[in-house]
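Single-structure report; data block below.
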Amino acid sequence: TDRREPAAVGTATHCPYCGLQCAMTVTGDGPATATVEPRQFPTNRGGLCRKGWTAADVLRVQDRLTTPLVRVDGDLVPTSWEHALDLVASTLTKLRAEHGPDSVGVFGAGGLTNEKSYLLGKFARVALGTSNIDYNGRFCMSSAAAAGNRAFGLDRGLPFPVSDVGSARAVLILGGNVAETMPPFTAHLATAAEAGGLIVADPRRTPTVDRALAAGGVHLQLSPGTDLALALGMTHLAVAEGYADRDYLDERTEGFDAFWATAAQWWPERAERVTGVPVSRMRETVRALAESRDAGTGAYVLTARGAEQHASGTDTVSAVIALALVLGLPGNRGTGYGAITGQGNGQGGREHGQKADQLPGYRSITDPAAREHVAGVWGIDSADLPGPGRSAYELLDSLGRADGPRALMVHGSNLAVSAPRAAHVVDRLDALELLVVTDFVLSETAARADVVLPTLQWAEEEGTMTSLEGRILRRRRALRAPDGARGELDILADLAERLGQPADRFPRDAATAFEELRRASAGGPADYSGVTYERLDAGEALHWPVPAVDHPGTPRLFLDRFRTPSGRARFTVADHVGPAETVDEDFPLLATTGRVLAHYQSGAQTRRVAELVAATGPMFVEVHPDTAERAGLADGDAASVVSRRGTTRARVKTEATMRLDTVFLPFHFAGAERANLVTNDALDPTSRMPEFKVAAVRLERAS
Ligand code: SF4
Numbered sequence: 010t011d012r013r014e015p016a017a018v019g020t021a022t023h024c025p026y027c028g029l030q031c032a033m034t035v036t037g038d039g040p041a042t043a044t045v046e047p048r049q050f051p052t053n054r055g056g057l058c059r060k061g062w063t064a065a066d067v068l069r070v071q072d073r074l075t076t077p078l079v080r081v082d083g084d085l086v087p088t089s090w091e092h093a094l095d096l097v098a099s100t101l102t103k104l105r106a107e108h109g110p111d112s113v114g115v116f117g118a119g120g121l122t123n124e125k126s127y128l129l130g131k132f133a134r135v136a137l138g139t140s141n142i143d144y145n146g147r148f149c150m151s152s153a154a155a156a157g158n159r160a161f162g163l164d165r166g167l168p169f170p171v172s173d174v175g176s177a178r179a180v181l182i183l184g185g186n187v188a189e190t191m192p193p194f195t196a197h198l199a200t201a202a203e204a205g206g207l208i209v210a211d212p213r214r215t216p217t218v219d220r221a222l223a224a225g226g227v228h229l230q231l232s233p234g235t236d237l238a239l240a241l242g243m244t245h246l247a248v249a250e251g252y253a254d255r256d257y258l259d260e261r262t263e264g265f266d267a268f269w270a271t272a273a274q275w276w277p278e279r280a281e282r283v284t285g286v287p288v289s290r291m292r293e294t295v296r297a298l299a300e301s302r303d304a305g306t307g308a309y310v311l312t313a314r315g316a317e318q319h320a321s322g323t324d325t326v327s328a329v330i331a332l333a334l335v336l337g338l339p340g341n342r343g344t345g346y347g348a349i350t351g352q353g354n355g356q357g358g359r360e361h362g363q364k365a366d367q368l369p370g371y372r373s374i375t376d377p378a379a380r381e382h383v384a385g386v387w388g389i390d391s392a393d394l395p396g397p398g399r400s401a402y403e404l405l406d407s408l409g410r411a412d413g414p415r416a417l418m419v420h421g422s423n424l425a426v427s428a429p430r431a432a433h434v435v436d437r438l439d440a441l442e443l444l445v446v447t448d449f450v451l452s453e454t455a456a457r458a459d460v461v462l463p464t465l466q467w468a469e470e471e472g473t474m475t476s477l478e479g480r481i482l483r484r485r486r487a488l489r490a491p492d493g494a495r496g497e498l499d500i501l502a503d504l505a506e507r508l509g510q511p512a513d514r515f516p517r518d519a520a521t522a523f524e525e526l527r528r529a530s531a532g533g534p535a536d537y538s539g540v541t542y543e544r545l546d547a548g549e550a551l552h553w554p555v556p557a558v559d560h561p562g563t564p565r566l567f568l569d570r571f572r573t574p575s576g577r578a579r580f581t582v583a584d585h586v587g588p589a590e591t592v593d594e595d596f597p598l599l600a601t602t603g604r605v606l607a608h609y610q611s612g613a614q615t616r617r618v619a620e621l622v623a624a625t626g627p628m629f630v631e632v633h634p635d636t637a638e639r640a641g642l643a644d645g646d647a648a649s650v651v652s653r654r655g656t657t658r659a660r661v662k663t664e665a666t667m668r669l670d671t672v673f674l675p676f677h678f679a680g681a682e683r684a685n686l687v688t689n690d691a692l693d694p695t696s697r698m699p700e701f702k703v704a705a706v707r708l709e710r711a712s
């Protein structure tokens, strides 16, 4: 197991939080004395955000779990590892015998290391034999991933190093607030911002928008849920006003004519009526991108969750990619399209088999050759490999039902806070016969579990992560793990043995797991076979695919051809349909959700850091003062935000730059302050992404 001693002096590793994976050095001889310092690295250029600077505080949280817990007479009580694992294994064995292997589900996360993601997928399919495994990346990146696969035949969030963006004088970001979510990223926007070429599409005037406007950039302040119409309107304008790259369209794309049959209907004035964005702003955007392209000074189009978390998220990103294709940006040096990954291992987490429809190496689970290859690495017959399972929300919605799992194992997710329509999801969790949560604190989800297994934290474990630019990074143990907590690889191996698997089938140390992952991914789209810990430890910058140990990696994809059968990028016919629910007299406002600077995801970690809690204050609803007044509310009042699914409580925070029809809810808070009590569980038909970004609501004074 990973029990070797940490380095006596500083250990080079990466931040535990977001996909930028800022480089840091951890020093100290234990949690009490641990400190972090930024390291120079291409993604963070020596910077850390407030979350990163306080990451050591998470190592010394007061309520750290170091003993397994089991529920007895309604209460969680400490127990031994032997008893906890025996209880889990015997219950899973009984359920599988009585109801079949799909009666057990597994829920993973985009924060898990590559090694854990890989072994979680293998554990589900081999040790449990279930098809029911998915992960919280389905809530994060799945629409961009699906659209990237559609257009380019391959999804890697940024198919170029993030530093390439740093030299561009024109950058369009749709639905991304990097100045708060990953502040060091803004160093890569400085050239564009100073040139007046930073353009941000967002219903809110965020700090990222402020950065753009400070130097003459553009804010496309669209109505929530109209991103697709905005993309079509700008694409129409690009074609109609002569900004399209005709040679590129002829030589490097296919399907434009069918796409144009729809896009031609989106003349800019129509797009303005739907989105609220003036035609003049759309024109400034297209002109800035095209002129910088023509001048050879760089042009990038980037999407993030604001464009992706919709019931039409895949089509929305496809339309944004269409704009980039019309302008001739993807697959060239100095220009391109990319998606900004959110979670720490959001990229690697979707490549190694914890997704319902995929096998390691980013292979399809329905591809016979892929099944044969992976089954061979796992030492099983490919006929015994389960097929595709339910997507994340559909898995959660099926829990405890006649045809759904009766037991669920949760790793790295805090579903009671982070899932859409959260109260309903909690009801489904409570309907289970067995909920097993592996975590290092008693999260809101762990608090509902039947068994809680205490695990290691980021600075206590070895492994790899893959950043938003597809670069594989080493996570290193800086501190000795606390007695009582166990690594997830150990836990899975212990359970697998109890479920009858051979003792050596599930490696317990990250290095051995990575060696197996290399073989499982070989030949797949995300080929890690040429990556070794030795190469990473030597400081090599390896972006996948890396198909051989003497291969230098692939920092820039698609320079010669796209990964489609024809080598050309594909247009998709996509039309604006609007959000899944609309406003009416009872619910006259549109709520959109997002993150704030000092918190991360469900807040399970950052709500335990006093400095971050103090910086943010309690849950708030951001609203225009006139909108608040119409609801009889003023700044600081306690409000209820009510949707068709539930109510969340928040302090009113008035902000004159908000749209009159929109309110904003951060989703980091727990209990009655969960933003996801009101969000919509309508799903994108392709990616199965829930529509986190639009819910019809009303504001009321809290009773
Ligand atoms: Fe960097 Fe993200 Fe960590 Fe902030 S949270 S320090 S941006 S990796």
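Going by the UniProt record's numbering, the sequence shown opens with residue 10, and the numbers climb by one from there.
Where a beta carbon is used, it is the ideal one built from N, C-alpha and C, also for glycine.
**Message:** Does the stretch 518 to 531 come into contact with the stretch 98 to 114, if we say contact requires no fewer than three beta-carbon pairs (one atom in each stretch) closer than 8 angstroms?
**Reply:** no
**Asked** Should T591 go down as buried or exposed, given a rule of 16 or more other Cβ atoms within 10 Å for buried?
**Response** Here the question's residue 591 lines up with position 582 in the sequence shown. Flag for T591 reads exposed.
**Message:** Does E709 come out as helix, strand or coil in the three-state DSSP assignment?
**Reply:** By 1-based counting over the sequence shown, the position of residue 709 is 700. Strand, per DSSP.
**Asked** Under a three-way DSSP split, which group does T44 fall into?
**Response** By 1-based counting over the sequence shown, the position of residue 44 is 35. Residue state, collapsed to three classes: strand.
**Message:** Less than 6 angstroms between C-beta atoms, sequence neighbours within five positions excluded: which residues of the same chain meet that for T656?
**Reply:** Stepping through the sequence shown from its first residue, residue 656 is reached at position 647. Cβ neighbours of T656 beyond the five flanking positions: S649.
**Asked** Under the criterion of a Cβ to heavy atom distance below 7 angstroms, does N186 qualify as lining the ligand SF4?
**Response** Along the sequence shown, one-based indexing puts residue 186 at 177. Incorrect: N186 has no Cβ contact closer than 7 angstroms to the ligand SF4.
**Message:** Which same chain residues end up closer than 8 angstroms to L137 when comparing Cβ atoms and leaving out the 5 residues on each side of it in sequence?
**Reply:** As a first step, residue 137 must be located in the sequence shown, where it is residue number 128. Excluding sequence neighbours, L137 sits near L101, R105, P110, V113, V115, L508.
**Prompt:** Cα-Cα, which of A535, A153, S476 is closest to H319?
**Reply:** For the purposes of this step, residue 319 is taken as the residue at position 310 of the sequence shown. Among A535, A153, S476, the Cα nearest to that of H319 belongs to A153.
**Asked** Using CA coordinates, which residue listed in G385, Y346, P397, S391 is at the minimum distance from Q363?
**Response** Start at 1 with the first residue of the sequence shown, and residue 363 comes out as number 354. Taking only the C-alpha atoms, the option nearest Q363 is P397.
**Request:** Spatial neighbours of L465 within its chain, please: CB distance less than 6 angstroms, with the 5 preceding and 5 following residues excluded, ordered by chain position.
**Result:** The residue labelled residue 465 in the question sits at position 456 within the sequence shown. Answer for L465: A490, A494, G496, listed in chain order.
**Message:** If contacts are defined as beta-carbon pairs under 8 angstroms, then M474 and H92 qualify, I think. What distance do you get, rounded to the angstrom?
**Reply:** If you number the sequence shown from 1, residue 474 lands on position 465. If you number the sequence shown from 1, residue 92 lands on position 83. That pair is no contact at about 33 angstroms.
**Request:** Check whether the Cβ atoms of V310 and V248 lie closer than 8 angstroms to each other.
**Result:** Position 301 of the sequence shown, counting from 1, holds the residue named residue 310. Position 239 of the sequence shown, counting from 1, holds the residue named residue 248. No. Outside cutoff.
**Rounded separation between V461 and F449 - CA only** = On the sequence shown, position 452 is the one that residue 461 refers to. On the sequence shown, position 440 is the one that residue 449 refers to. So the two alpha carbons sit approximately 9 angstroms from each other.
**Asked** Does DSSP put V288 in a helix, a strand or coil?
**Response** One-based indexing of the sequence shown puts residue 288 at position 279. Of the three classes helix, strand and coil, the one that applies to V288 here is helix, per DSSP.
**Prompt:** Whole beta strand (DSSP E) runs in the stretch 215 to 293 with 3 or more residues, listed along the chain?
**Reply:** 227 to 229
**Prompt:** In chain order, which alpha helix (DSSP H) runs of at least 4 residues are fully inside the stretch 478 to 563?
**Reply:** 497 to 507, 519 to 530, 542 to 546
**Request:** Let me know the beta strand (DSSP E) ranges lying completely inside the stretch 369 to 426, each 3 residues or longer, listed in chain order.
**Result:** If we require 3 residues or more, the beta strand (DSSP E) runs fully inside the stretch 369 to 426 come out as 416 to 420.
**Request:** Would you list the one or two residues that DSSP bridges to D341?
**Result:** Sequence index remark: in the sequence shown, residue 341 carries index 332 (1-based). A small fix is needed here, since residue 341 is Asn in this sequence, not Asp. Its beta-bridge partners are T344.
**Message:** Shorter than 7 angstroms, the distance from the beta carbon of L57 to the closest heavy atom of the ligand SF4, or not?
**Reply:** One-based indexing of the sequence shown puts residue 57 at position 48. At least one heavy atom of the ligand SF4 lies closer than 7 angstroms to the C-beta of L57.
**Asked** When every heavy atom of the ligand SF4 is checked, does at least one fall within less than 7 angstroms of the C-beta of L167?
**Response** Stepping through the sequence shown from its first residue, residue 167 is reached at position 158. In this structure, L167 has its CB at a distance of at least 7 angstroms from all heavy atoms of the ligand SF4.
**Message:** Let me make sure I understand the geometry here. Which of S232, A188, D236, L241 has the alpha-carbon closest to that of D219?
**Reply:** Here residue 219 corresponds to residue number 210 of the sequence shown, with the count starting at 1. Nearest of S232, A188, D236, L241 to D219, Cα basis: A188.
**The beta strand (DSSP E) enclosing Y144, as first and last residue numbers** = The residue given as residue 144 occupies position 135 in the sequence shown. Where Y144 is concerned, the enclosing beta strand (DSSP E) stretches over 142 to 144.
**Prompt:** To the nearest whole angstrom, what separates the beta carbons of T294 and L229, a pair I think is in contact under 8 angstroms?
**Reply:** Along the sequence shown, one-based indexing puts residue 294 at 285. Along the sequence shown, one-based indexing puts residue 229 at 220. Contact holds; Cβ gap of about 7 angstroms.
**Prompt:** Based on the DSSP secondary-structure assignment, which residues constitute the bridge partners of K662?
**Reply:** Residue 662 sits at position 653 when you count from the first residue of the sequence shown. Answer is E631, bridged to K662.
**Message:** I'd like to confirm the pairing. Which residues does DSSP put opposite Q367 in its beta bridges?
**Reply:** Position 358 of the sequence shown, counted from the start, is the residue given in the question as residue 367. The partner list for Q367 (beta bridge, DSSP) reads S373.
**Prompt:** Which whole runs of the beta strand (DSSP E) in the stretch 579 to 650 are 3 residues long or more, in chain order?
**Reply:** If one requires a minimum length of 3 residues, the beta strand (DSSP E) runs lying completely within the stretch 579 to 650 are 598 to 603, 629 to 632, in chain order.
**Request:** Grab the span of the alpha helix (DSSP H) containing L438 for me, first residue to last.
**Result:** Start at 1 with the first residue of the sequence shown, and residue 438 comes out as number 429. From DSSP, the alpha helix (DSSP H) with L438 extends over 431 to 439.
**Prompt:** By a C-beta neighbour count over all protein chains shown, 10 Å radius and 16 as the cutoff for buried, is S289 buried or exposed?
**Reply:** Translated into the one-based positions of the sequence shown, residue 289 becomes position 280. Result: exposed.
**Prompt:** To which residues does DSSP link A210 through a beta bridge?
**Reply:** Walking along the sequence shown from the start, residue 210 turns up at place 201. According to DSSP, which records beta bridges pairwise, A210 is partnered with L183, L229.
**Request:** Flag this pair as touching only if the stretch 349 to 358 and the stretch 116 to 127 have three or more C-beta atom pairs under 8 angstroms; answer yes or no.
**Result:** yes
**Request:** Compute every distance between the C-beta of G61 and the non-hydrogen atoms of the ligand SF4, then say whether any falls below 7 angstroms.
**Result:** The sequence position of residue 61 within the sequence shown is 52, counting from 1. At least one heavy atom of the ligand SF4 is nearer than 7 angstroms to the Cβ of G61, so yes.
**Prompt:** Which residues mark the beginning and the end of the alpha helix (DSSP H) in which F116 is found?
**Reply:** Taking the first residue of the sequence shown as position 1, residue 116 is located at position 107. If you look at F116, you'll find it isn't in any alpha helix (DSSP H); it sits in the beta strand (DSSP E) that goes 113 to 117.
**Item:** Cβ-heavy atom distance, C31 to the ligand SF4, below 7 angstroms
**Value:** On the sequence shown, residue 31 is found 22 positions in, with the first residue counted as 1. C31 has its CB nearer than 7 angstroms to a heavy atom of the ligand SF4.
**Candidates A156, T602, D569: closest to H677 by CA position** = Start at 1 with the first residue of the sequence shown, and residue 677 comes out as number 668. Nearest option by C-alpha distance: T602.
**Request:** Run the proximity test for C149: is its beta-carbon closer than 7 angstroms to any non-hydrogen atom belonging to the ligand SF4?
**Result:** If you number the sequence shown from 1, residue 149 lands on position 140. No, since every heavy atom of the ligand SF4 falls outside the 7 angstroms radius drawn around the Cβ of C149.
**Asked** Under the criterion of a Cβ to heavy atom distance below 7 angstroms, does N354 qualify as lining the ligand SF4?
**Response** For this step, residue 354 is matched to residue 345 along the sequence shown. For the ligand SF4, not one heavy atom lies less than 7 angstroms from the Cβ of N354.
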